[in-house]
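*Asks:*
Number of protein chains: 2
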Amino acid sequence: MSSDGPKQALFAGFAELAKALAHGHRLEILEVLAQGERSVEVLAGRIGLPVANVSQHLRLMRRAGLLASRRSGKHVFYRPSDPAVLELTAALRRVAERNSSEVREVIGGYFRARDSFEPVSRKELMRRLKDDSATVLDVRPDDEFAAGHLPGAVNIPLRDLERRLRELPRSREIVAYCRGPWCVLAFEAVALLRRRGLKARRLEDGFPEWKQSGLPTA
Amino acid sequence: MSSDGPKQALFAGFAELAKALAHGHRLEILEVLAQGERSVEVLAGRIGLPVANVSQHLRLMRRAGLLASRRSGKHVFYRPSDPAVLELTAALRRVAERNSSEVREVIGGYFRARDSFEPVSRKELMRRLKDDSATVLDVRPDDEFAAGHLPGAVNIPLRDLERRLRELPRSREIVAYCRGPWCVLAFEAVALLRRRGLKARRLEDGFPEWKQSGLPTA
DNA sequence: CGATCATTCAATATAATGATTGAGTAAGAG
DNA sequence: CTCTTACTCAATCATTATATTGAATGATCG
């Protein structure tokens with residue numbers, strides 16, 4: 634795995650870590666785990682892959698040092714081994730947004746169309762929470778909501794949003810969020826709400842970023 | 634390259650970027666390029682690989698968005714496309730230092746032995762530059778020194794250090810630095826200087842980090 | 001223009017990675 | 001103790017990555 638000198642050995646070690654990140658499914662797994670620890674089975678269901686395959690990816694990431702796991706009864710729960718792991722994925726995202734033509738294309742094509750208005754910053758949302766001038770909507774699945782969410786947030790998973798529209802105020806502005814800056818759920822939610830005539834905007838990123846920036850959670 | 638939804642397309646794009654980082658030689662190339670732009674040939678010589686091989690790696694990284702290039706006469710010069718790229722490699726390093734057992738082993742085995750005293754922080758070095766209580770030693774090759782260095786630094790490439798020892802003061806403390814936090818050159822330099830009875834310590838990281846933190850350069 | 005130099009491209013062999021399948025293991029339930 | 005559940009491991013095959021070689025391109029210089 635390592636060549637001769639300590640220099641090469643170090644770079645090989647860094648490269649191992651990067652390899653562990655270098656797969657779409659693994660990044661997707663990491664995004665879900667950023668919401669809170671999960672069992673292999675739940676993860677597999679969430680991202681639509683066979684359990685054995687997810688188990689392989691998890692093992693690889695654990696070996697590389699990205700993940701930690703604990704056993705509780707029949708279940709094994711995985712989680713990011715370190716907050717620095719989330720900073721690493723954030724750094725990856727930032728570079729990709731700005732410098733990867735493929736990524737910029739997707740952003741320009743899909744996301745831009747659904748987000749004609751500016752997203753709400755964390756700071757601005759904090760202000761609006763204080764003077765109670767916005768309804769915060771969490772569109773993640775309920776188990777992720779249960780593992781932690783923004784203070785005062787209402788949880789309506791995206792798949793239920795259409796038939797539970799009446800639970801939302803028509804006059805107040807709604808701020809939707811989900812797993813992270815490019816999580817599709819919040820984009821879809823905002824688009825749906827606007828089509829139905831509600832005032833909706835999107836939080837600039839998701840729950841993990843909110844939590845990591847030290848803001849209060851529930 | 635991308636599967637169905639925009640979500641998968643995005644993750645695939647992020648993964649492409651991570652793949653471009655996921656090779657020891659490519660990280661080594663990036664470390665050199667972090668010092669300043671370089672031609673393919675010089676790079677190949679610096680890290681000891683065939684030119685064609687380096688060219689392949691460079692093309693791959695440029696396509697992924699990590700690098701930019703410009704042609705000048707017969708030479709093509711490559712450089713990191715964005716300061717965020719260096720932040721990304723720094724994030725990778727941080728996670729590896731703390732969570733990769735392989736990396737921790739190399740650090741514990743090789744580097745720790747050569748660095749029994751604490752490294753000097755950028756802040757501390759700034760203070761000591763102001764009251765002129767330390768000699769700053771840049772042990773990188775002269776072309777990297779020429780492309781930018783710490784103010785007042787003396788350049789003695791590591792390979793010349795032994796025979797140019799008399800150029801260094803025996804009474805003042807010497808602070809050595811090179812390309813980055815785990816660059817071997819500075820470690821070796823400090824070890825050599827101490828063996829010869831000089832007072833030497835290592836800067837906590839290298840020139841790119843100094844520059845990126847906004848401190849003055851020459 | 002032809003020679004030379006720096007770089008890239010194309011072709012190839014070798015090696016590593018990823019998904020799938022089915023068997024294996026650990027913990028709890030009955 | 002056996003059965004079920006949740007996960008991991010091992011083996012396979014298809015795909016993709018890497019290094020090497022030699023040929024092709026692009027730019028300068030005599």
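Here the protein sequences come in this chain order: A and B.
In case it helps, our numbering puts the first sequence at residues 634 to 851.
In case it helps, our numbering puts the second sequence at residues 634 to 851.
Note that beta-carbon positions come from the ideal geometry of N, C-alpha and C, so glycine has one too.
(1) Within 7 Å of any Cβ in chain B, is that where the Cβ of Pro639/A sits?
(2) In this structure, how does DSSP classify Glu842/A when only helix, strand and coil are distinguished?
(3) Between which two residues does the alpha helix (DSSP H) carrying Ser734/B extend?
(4) Name the residue from Gly657/B, Leu666/B, Met759/B and Pro752/B whose alpha carbon lies nearest to the alpha carbon of Asp715/B.
(5) Using 8 Å for Cβ pairs, my map puts Glu670/A next to Val753/A. What's the rounded Cβ distance?
(6) Which one of Thr722/B, Thr768/B and Gly847/B has the shortest CA to CA distance from Gly813/B?
(7) May I have the straight-line CA-CA distance separating Ser734/A from Leu826/B, to the nearest angstrom?
(8) Between the alpha carbons of Ser635/B and His708/A, how many angstroms are there, rounded?
(9) Have a look at Lys756/B and Leu801/B and give me their C-alpha separation to the nearest angstrom.
(10) Taking a cut of 7 Å between CB atoms, which residues from the region 720-731 of chain B lie near chain A?
(11) Which residues in the same chain have their Cβ closer than 7 Å to the Cβ of Gly698/B, if we skip the five residues on either side of it in sequence?
(12) Does Asp748/A come within less than 7 Å of chain B when only Cβ atoms are used?
(13) Give every residue of the same chain whose Cβ lies closer than 7 Å to the Cβ of Arg829/B, excluding the five residues on either side of it in the sequence, and list them in chain order.
(14) Does the CB of Ser754/B have a neighbour CB from chain A at under 7 Å?
(15) Pairs of beta-carbons, one from the region 758-765 of chain B and one from the region 673-681 of chain A, closer than 8 Å: are there three or more?
(16) For Phe820/A, which of Arg692/A, Val718/A and Val772/A has the nearest alpha-carbon?
(17) Answer yes or no: does any C-beta atom of chain B fall closer than 7 Å to that of Glu735/A?
(18) Find the residues of chain A that neighbour Gly678/B, judging by a C-beta separation of less than 7 Å, and give them in chain order.
(19) Out of curiosity, what's the CA-to-CA distance linking Phe778/B and Leu770/B?
(20) Give me the subset of the region 826-851 of chain A whose CB atoms are less than 9 Å from a CB atom of chain B, sorted by chain position.
(21) Answer yes or no: does any C-beta atom of chain B fall closer than 7 Å to that of Glu674/A?
(22) Ordered along the chain, which non-local residues of its own chain (more than five positions away) have a Cβ less than 7 Å from that of Ala729/A?
(23) Can you determine whether any heavy atom of the ligand SAM sits closer than 6 Å to the C-beta of His782/A, and answer yes or no?
(24) Verify whether the separation of the beta carbon atoms of Gly781/A and Thr850/A is less than 7 Å.
(25) Considering only C-alpha positions, which residue in the set Glu720/A, Ser705/A and Tyr711/A is nearest to Ser688/A?
(26) Report buried or exposed for Gly657/A, applying the criterion of at least 16 other Cβ atoms within 10 angstroms of its Cβ.
(27) When you check each C-beta in the region 757-772 of chain B against every C-beta of chain A, which residues fall closer than 8 Å?
(28) Taking a Cβ distance cut-off of 8 Å, strictly less, list which residues of the region 676-706 of chain A are near chain B, in chain order.
(29) Can you tell me whether Ala851/B is helix, strand or coil according to DSSP?
*Replies:* On the basis of the coordinates in this document:
(1) Yes - at least one Cβ of chain B is within 7 Å of the one on Pro639/A.
(2) For Glu842/A, the three-state secondary structure derived from DSSP is helix.
(3) In this chain, the alpha helix (DSSP H) harbouring Ser734/B covers Ser734 to Val739.
(4) Considering only alpha carbons, the answer is Leu666/B.
(5) With a contact defined as Cβ atoms closer than 8 Å, Glu670/A and Val753/A miss out at about 28 Å.
(6) With distances taken between Cα atoms, Gly813/B lies closest to Thr722/B.
(7) Approximately 48 Å, taken between the alpha carbons.
(8) Below a pLDDT of 50, predicted positions are generally treated as unreliable, and Ser635/B, at 36, falls in that range; the measurement from the model is reported next regardless. In a straight line, the C-alpha of Ser635/B is about 32 Å away from that of His708/A.
(9) Going by the C-alpha atoms only, they are around 23 Å apart.
(10) Here the close residues are Glu720, Leu721, Ala724, Leu725, Arg726, Arg727, Val728, Ala729 and Arg731.
(11) Setting aside the 5 residues that flank it on each side, Gly698/B is surrounded in the same chain by Leu650 and Ser714, each with a C-beta closer than 7 Å to its C-beta; the list follows chain order.
(12) Asp748/A does not count as touching chain B.
(13) Spatial neighbours of Arg829/B in its own chain (CB-CB distance under 7 Å, excluding positions within 5 residues in sequence) are listed in chain order as Leu798.
(14) With its beta carbon at least 7 Å from every one in chain A, Ser754/B lies outside the interface.
(15) Segment contact: the region 758-765 of chain B against the region 673-681 of chain A, fewer than three CB-CB distances shorter than 8 Å; contact not assigned.
(16) Checking every option, the nearest Cα to that of Phe820/A belongs to Val772/A.
(17) At least one CB atom of chain B sits nearer than 7 Å to the CB of Glu735/A.
(18) Near Gly678/B there are no residues of chain A at all, since even the closest Cβ is about 16 Å away, more than 7 Å.
(19) The alpha-carbon atoms of Phe778/B and Leu770/B are separated by roughly 11 Å.
(20) Considering only beta carbons, no part of the region 826-851 of chain A lies closer than 9 Å to chain B.
(21) Between Glu674/A and chain B, the shortest Cβ-Cβ separation is not below 7 Å.
(22) Only Val736 meet the Cβ criterion.
(23) In the structure on display, the ligand SAM does not appear, and there are no ligands present to speak of.
(24) The answer is yes: Cβ separation under 7 Å.
(25) Of Glu720/A, Ser705/A and Tyr711/A, the residue nearest in Cα terms is Tyr711/A.
(26) Per the 10 Å Cβ criterion, buried.
(27) So nothing in the stretch comes that close.
(28) Within the region 676-706 of chain A, Ala697, Gly698 and Leu699 place their CB atoms closer than 8 Å to a CB of chain B, listed in sequence order.
(29) In the structure shown, the three-state DSSP call for Ala851/B is coil.
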